[in-house]
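There are 4 protein chains.
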Amino acid sequence: MSLAIGVDVGGTKIAAGVVDEQGTIIAELRKATPANDTDKVAALISSMAKELAAEHGATSIGIGAAGFVDDARSTVIFAPNLAWRNEPLKDRVEQATGLTTVVENDANAAGWAEARFGAARGANSAVVLTIGTGIGGAIISNSQLVRGSNGFAGELGHFIIRPDGRRCGCGLRGCWERYGSGSALVTEARELSTLDPNLGARMLELADDNPLNITGLHVTQAAKEGDAAALDCYSTLGTWIGRGMAALAAVLDPDVFVLAGGVSEAGDLLREPTIKAFKKQLTARKFRPEPQVLMAQMGNKAGMIGAADLSR
Amino acid sequence: MSLAIGVDVGGTKIAAGVVDEQGTIIAELRKATPANDTDKVAALISSMAKELAAEHGATSIGIGAAGFVDDARSTVIFAPNLAWRNEPLKDRVEQATGLTTVVENDANAAGWAEARFGAARGANSAVVLTIGTGIGGAIISNSQLVRGSNGFAGELGHFIIRPDGRRCGCGLRGCWERYGSGSALVTEARELSTLDPNLGARMLELADDNPLNITGLHVTQAAKEGDAAALDCYSTLGTWIGRGMAALAAVLDPDVFVLAGGVSEAGDLLREPTIKAFKKQLTARKFRPEPQVLMAQMGNKAGMIGAADLSR
Amino acid sequence: MSLAIGVDVGGTKIAAGVVDEQGTIIAELRKATPANDTDKVAALISSMAKELAAEHGATSIGIGAAGFVDDARSTVIFAPNLAWRNEPLKDRVEQATGLTTVVENDANAAGWAEARFGAARGANSAVVLTIGTGIGGAIISNSQLVRGSNGFAGELGHFIIRPDGRRCGCGLRGCWERYGSGSALVTEARELSTLDPNLGARMLELADDNPLNITGLHVTQAAKEGDAAALDCYSTLGTWIGRGMAALAAVLDPDVFVLAGGVSEAGDLLREPTIKAFKKQLTARKFRPEPQVLMAQMGNKAGMIGAADLSR
Amino acid sequence: MSLAIGVDVGGTKIAAGVVDEQGTIIAELRKATPANDTDKVAALISSMAKELAAEHGATSIGIGAAGFVDDARSTVIFAPNLAWRNEPLKDRVEQATGLTTVVENDANAAGWAEARFGAARGANSAVVLTIGTGIGGAIISNSQLVRGSNGFAGELGHFIIRPDGRRCGCGLRGCWERYGSGSALVTEARELSTLDPNLGARMLELADDNPLNITGLHVTQAAKEGDAAALDCYSTLGTWIGRGMAALAAVLDPDVFVLAGGVSEAGDLLREPTIKAFKKQLTARKFRPEPQVLMAQMGNKAGMIGAADLSR
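Residue numbers (this note's numbering), protein chains in the order written: chain B, 1 to 312; chain H, 1001 to 1312; chain V, 2001 to 2312; chain L, 3001 to 3312.
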């Protein structure tokens, strides 16, 4: 049976695992990321992979990392959390390990895991939304990952959903992730609580009475208790997410949307307003079967599992 | 050498041709469409294909038609210009001709021709916009047509670019094609000329002084003469098209956008404002090579050629 | 008892009447407007006024006309329906008649009639919306007409309610009257019926099956019959009107809004969606008594009556 | 010569002055506001006024306070910074002092000072915008203050300039003051610096490298030094202010807009982008003389001076 190694490179730790053809993790290692030293990061990835390969016999390595990865799946052009700039990561790791290596954007890797083994299993066409601080995404079409001509496809957080809207780090205004991400949820909750402390009382209580201390967890806790203000924040968030999904449905016609990432752990708090807005703005409803909207199933190992599978 | 038959079924005529592997049309037939009689349409398509096949030896048939075609590329679920509702067109034509047949949405077929033989030749990833009365589209990814799980992918005209905007025939409001199509150009020109007849004087002159008579051709002619009002209409149109293209670039990261369809015949009148708006709203400009924006090269036979090729 | 003459100058006819202090018309004359000859228009107004004054003894003349009237209430700076450009109308009529004359914008005159004798009688502060082809308005504050420093106050149709929205004859985009007027109602109905002829079937039937023939009367008739599409058009119209009224309430805090003009004849068809949207967007609802929203009571003689009263 | 007492009641201090008919302050007193005790506030206002009146002989008292003041100018219905709820302030102070007293909203009082003695001196019609944490305003028409039927006119910060925009404390979304106030400036600067720390480097440096520490003063300082990011924030602010002013010009046709309040101290940093956007969105530019846009001249004593004058 074929085994592959998946590596998930984060800003604080690196996790590597041996993954079988069913997406099951056989063995796993974790180390702290050597910050700001790209040579050490490549060396550490390589040594972790070699150790696992020596023990389990894997024949390829897939590496998932936040950032822009080129279309040859070999060079990290830019990474927000690491010092990589045009880093030839594939070559470095292949030279050190002797194993075939591919590099992939982390949201693509995680989305691929959902498509192969998780919520979108068996779908010909799927969109996996990773909703965290921003919105990342993976698009599956014809049962393949859509990578685009530069490897930048699936930058779902950055189409403009609100002309002339909130400023975005990408240089534009009104990008989807400024309205449909965990950060947007927190912005909403802080604004509400600053402007109307009575309405936001429960969230303020959880945050030591300082609106700037409110986190996503506070909003989620209050919403789960039934607090009207927190529910309103989730409703606003879901409405924006659903609107963007409807746009993607017109373009891509997927069988299924998968909601993944930290914010998706809110479950129905998120899913219900999302589906409501999605249905409302879906084109050609009379003719098309409605895409399913499912919660991710692969958890936070999705990136490792997907990266391993993509290296096969 | 392998020959295939391409059929372009329109509301008023049916054109069929024998197409070689380089996309060259070897022979061609045209007949009037038997209106509102789906049996006769299928019979006519079949007899035209048989006639061409008998003479030239083709081994497959590709049919392009406006409307929703299922993911098996066999049934026309709904066609706006013909009486087809859940029409099993592939089966009918295969039974009558004995030749392998596929059915494809016409914008997909035309887009495929551009990807195989025209402006997007050689692209791994491309978006072809067919800008006519509405906006149709074809998406090429991994050198394949993106069809979606129901065959409805590429309904590019129907993502919402303007929340709460102009009413659309699809039941939503603010769809891209209500702002970025030939109809939108005409709406704009008529509004302008009604509201400010001095400004719209040249277009009114061309239209017998009745704003409701203004057509796209009048706008184009006036714009070519340098008329400020007509240029303004094209600028508005291009701005909306460019905005939508920027959204698609974030999602799909194509090498190339191809502007096709009747409106694209305006050439630089359309292309310049489109590119300007596109660049302005393109995310991650620092990192990505900019997609090219090219005019279509295959002309109005693109649907026939693409359909033929897709049947191989 | 004091009598005054009110003159309503339209593009096709001139109506003059003798009006008493209770706003009652004692006598009335009507003549066709001498088109495009400003000398003849001034002469005709003067002769009609003299005839009425000779018979009834009035001591002043008030003239209402569409267009921009200067703050001295004497010169028509620009009139859309007549050839007046910087026309010294007050001086001409005073010289010809020997009677004190004032000129006033027609929406101001009609609004003043509502404030003095009609729906806004007794209000310290009121806004009268004249909803016809466009939106005209009159603002009453401290029981006086608000004329502004150039006589141009109350151009209510031209604040931007929709950034980057529909083109307006005034040179901007997104003006309120492009969404909240009778023209907007017709635009909406024509669009709906073009895009979805099934939905618009009843309106099309009334308009000889040509969407471009649909008029406001057709929409109103269909709506009164309960036709869903026509009711939808009225709902859209009222929503925009209500939104704009909420903006005006924040600025002016009137006791009452009066809906006047041709479109207001639709009564509750218009009033209900208007009030719904108005309440939803009214600021400080907790603290303020809600302004009343009333239908005009003075009918199409309002301009004549108001102009007469303003001349006192 | 007639003297009047003006009292400016803030959340932390009360300032009272004797003001002559030219708006000159003859004498002045300041005391800390007795927090949360409305009886003590009324008593302190009264004693300060009596002391000044005894010494200088004033015959009336004008009190300016943040909040909603009824149309009789006697009761404070709601004050955001004090415990007043339906406080009969006029009666209390008249009983204690024996002097005729009027109560006025503070932005109205300050605006009135500009209209009588400051930047809008001599204007028949003016709008004074007090741009601080929010946007307050005063409208002058026919040389009188426009108070509305409940005393709530001039709530200029709360018309909706951005449908479905930022949440506002008043319960709506998209109110003008959420885009055109000092708070909006700070929100913009914090967002920019969080999302793009390189771009926001100078503002971050001034704020101990924490975007949440950025204040309006930091933005102003950086902008005065020529920092591009800070200038961008001011440009965004001015654009929104100018848009709102254009809406008010269509409604009110003032001779002059006066920019007052803390943010107006930025001078040309604010005025230039404001005027640019204002001109761009002003209706009927061909016909109307453009209103002037001036900076306030009365400084932070404007409220006291205006209140005094309004009591005459």
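Built from N, CA and C at the ideal position, the CB exists for glycine as well. Owing to the predicted nature of the structure, the values given are computational and were not obtained by experimental measurement.
Return the residue from the list the options that minimises the CA-CA distance to residue i.
i, options, result
"residue 3283(L)", "2310(V), 2006(V), 2173(V) and 2187(V)", "2173(V)"
"residue 2097(V)", "2171(V), 2286(V) and 2005(V)", "2005(V)"
"residue 3295(L)", "3035(L), 3306(L), 3114(L) and 3167(L)", "3114(L)"
"residue 344(B)", "135(B), 104(B), 25(B) and 94(B)", "Only positions 1 to 312 of chain B appear in this structure, which leaves residue 344(B) out of reach."
"residue 1020(H)", "1215(H), 1053(H) and 1039(H)", "1053(H)"
"residue 214(B)", "310(B), 240(B) and 186(B)", "186(B)"
"residue 3216(L)", "3226(L), 3201(L) and 3233(L)", "3233(L)"
"residue 2287(V)", "3253(L), 3080(L) and 3300(L)", "3080(L)"
"residue 1290(H)", "1252(H), 1309(H) and 1236(H)", "1252(H)"
"residue 1117(H)", "1312(H), 1297(H) and 1311(H)", "1297(H)"
"residue 2266(V)", "2277(V), 2218(V), 2301(V) and 2311(V)", "2218(V)"
"residue 2148(V)", "3143(L), 3125(L), 3145(L) and 3285(L)", "3125(L)"
"residue 1112(H)", "1089(H), 1250(H) and 1064(H)", "1064(H)"
"residue 2036(V)", "2236(V), 2085(V), 2269(V) and 2211(V)", "2085(V)"
"residue 183(B)", "212(B), 56(B), 77(B) and 110(B)", "212(B)"
"residue 241(B)", "225(B), 78(B) and 269(B)", "269(B)"
Once the 5 residues before and after residue i are set aside, which same chain residues still bring their CB inside 7 Å of it?
i, result
"residue 1221(H)", "1206"
"residue 2199(V)", "2192 and 2229"
"residue 3271(L)", "3259, 3293 and 3295"
"residue 11(B)", "33, 81 and 82"
Is residue i helix, strand or coil by DSSP?
i, result
"residue 2281(V)", "coil"
"residue 268(B)", "helix"
"residue 3089(L)", "helix"
"residue 12(B)", "coil"
"residue 2300(V)", "helix"
"residue 2341(V)", "Only positions 2001 to 2312 of chain V appear in the structure, and residue 2341(V) is not among them; the question remains open."
"residue 1260(H)", "strand"
"residue 3038(L)", "helix"
"residue 294(B)", "strand"
"residue 3045(L)", "helix"
"residue 2100(V)", "strand"
"residue 1159(H)", "coil"
"residue 2078(V)", "strand"
"residue 1305(H)", "helix"
Run through the DSSP bridge pairs and tell me what residue i is partnered with.
i, result
"residue 6(B)", "17(B) and 62(B)"
"residue 3105(L)", "3065(L)"
"residue 1173(H)", "1167(H)"
"residue 1141(H)", "1144(H)"
"residue 1136(H)", "1130(H)"
"residue 1219(H)", "Residue 1219(H) is not bridged to any residue."
"residue 152(B)", "Its beta-bridge partners do not exist; DSSP assigns none."
"residue 2025(V)", "2019(V)"
Within a Cβ cutoff of 8 Å, which residues of the same chain sit near residue i, ignoring the five residues on either side of it in sequence?
i, result
"residue 2292(V)", "2255, 2256 and 2257"
"residue 1100(H)", "1059, 1060, 1061, 1094 and 1311"
"residue 321(B)", "Nothing can be reported for residue 321(B), as the shown portion of chain B is limited to 1 through 312."
Ignore the nearest five residues each way along the sequence and tell me which others in residue i's own chain have a CB closer than 6 Å to its CB.
i, result
"residue 261(B)", "130, 131 and 132"
"residue 2163(V)", "2174"
Kindly examine the ligand NAP and report whether one of its heavy atoms sits closer than 8 Å to the Cβ of residue i.
i, result
"residue 242(B)", "Ligands in the displayed structure: none, and consequently the ligand NAP is not present."
Say whether the region 19-34 of chain B touches the region 67-75 of chain B, bearing in mind that this needs 3 or more beta-carbon pairs closer than 8 Å, one atom from each stretch. Under the three-pair Cβ rule at 8 Å, the region 19-34 of chain B does not count as touching the region 67-75 of chain B.
Cβ pair count under 8 Å reaching 3, the region 3048-3059 of chain L against the region 3007-3021 of chain L: The region 3048-3059 of chain L vs the region 3007-3021 of chain L: in contact.
Count Cβ pairs between the region 136-156 of chain B and the region 275-282 of chain B that sit closer than 8 Å; are there 3 or more? Two segments are said to touch when three or more pairs of C-beta atoms, one from each, lie closer than 8 Å; by this definition the region 136-156 of chain B does not touch the region 275-282 of chain B.
Three or more beta-carbon pairs under 8 Å between the region 2122-2135 of chain V and the region 3125-3144 of chain L, yes or no? No, the region 2122-2135 of chain V is not in contact with the region 3125-3144 of chain L.
Three or more C-beta pairs under 8 Å: does that hold for the region 2299-2310 of chain V against the region 2086-2094 of chain V? These segments do not touch.
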